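In the numbering used here, the protein residues as written are 47 to 370.
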């Protein structure tokens, strides 16, 4: 079968399509015939070797990235109900998703809802879970003004919809005309390019002085400017990522002095049943048309390097998917 692998850390060009043996499912595993593989920013960081000092220090080489797949169960390993063969599933393999076939723990191979196609279910598997969790952590209320960073991204595009659904006024911050147009189309009431030197002043003016909620995923100077926009006494910031690679910048004492709250959200920190509730809520909203993930790019496996390059260039909108 074909699988995308890298034999050494490096630029997107280290990704290549190799012919490899078909993996055999072990106890508690299923073999999924992949119809869609998700590409995420973590994949890019892993390929570049940026996680060697933290989460993934000793990857076996060659390594096949890919931690989200949708498809059909092709085979079941020992101890797995054989009737699962033929079922549509979406799940998280421990790598190896950029391939025609991927091994997934049977517990992690979730039934794909009948109302959702494979690409939609894939886009909601991780990013939908995060978006619903971030929205809950922010305790959004009708009438809040919410700043959504990376408003055209995979999670941000969902947050725009969820914040608007909660009755909030949504300020979508993004980079470039295409992303601003996408955020506006998704329902952002105001869109601002946060590469502009005065973007935070534009946001302040648009919000009438301050915002009640910041959904923070950028880090660095953007996070510092966004923090300063919070309403004293009631402002809430939820941090769920650091796309810039830089930690959020604000004075912890300012949290106290201004009477605002800062919290973090990471789905990986939740118990499986907590993750499942958030994921099922995302699936349910999508099934009735109240949440629609943006599938911005669909590419064949042979163009995995192009997909990674687009992430590095901050050129992606919504979810990026590879297909065998």
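Virtual Cβ for every residue (Gly too), placed ideally from N, Cα, C.
All values derive from a computational prediction rather than experimental measurement.
Can you find the residues in the same chain that come closer than 6 Å, C-beta to C-beta, to residue 304, ignoring five residues on each side of it along the sequence? 278
Given a threshold of 16 other Cβ atoms within 10 Å of its Cβ, counted over all protein chains shown, does residue 283 qualify as buried or as exposed? buried
For residue 128, which three-state DSSP category applies? helix
Under the three-state reduction of DSSP, which class applies to residue 75: helix, strand or coil? Secondary structure at residue 75: strand, using DSSP grouped into helix, strand and coil.
Would you kindly check if the distance between the Cβ of residue 53 and the Cβ of residue 97 is under 7 Å? no
Which same chain residues, not among the five before or five after residue 81, have their C-beta less than 6 Å away from its C-beta? Excluding positions up to five away in sequence, the list reads 116, 117 and 164.
Does the segment 353-364 touch the segment 86-97, meaning 3 or more C-beta pairs lie closer than 8 Å? yes
Start-end ranges of the beta strand (DSSP E) lying completely within the segment 328-363, minimum 3 residues: 341-346
Could you give the DSSP three-state label for residue 283: helix, strand or coil? Under the three-state reduction of DSSP, residue 283 is assigned to strand.
With distances taken between CB atoms, is the gap from residue 61 to residue 50 smaller than 7 Å? yes
With burial defined as no fewer than 16 other Cβ atoms inside 10 Å of the residue's Cβ, what is the status of residue 190: buried or exposed? buried
With C-beta atoms as the reference, is residue 353 less than 7 Å away from residue 366? Remark: C-beta atoms of residue 353 and residue 366 approach each other more closely than 7 Å.
Report yes if the CB atom of residue 186 is closer than 7 Å to the CB atom of residue 214, and no otherwise. yes
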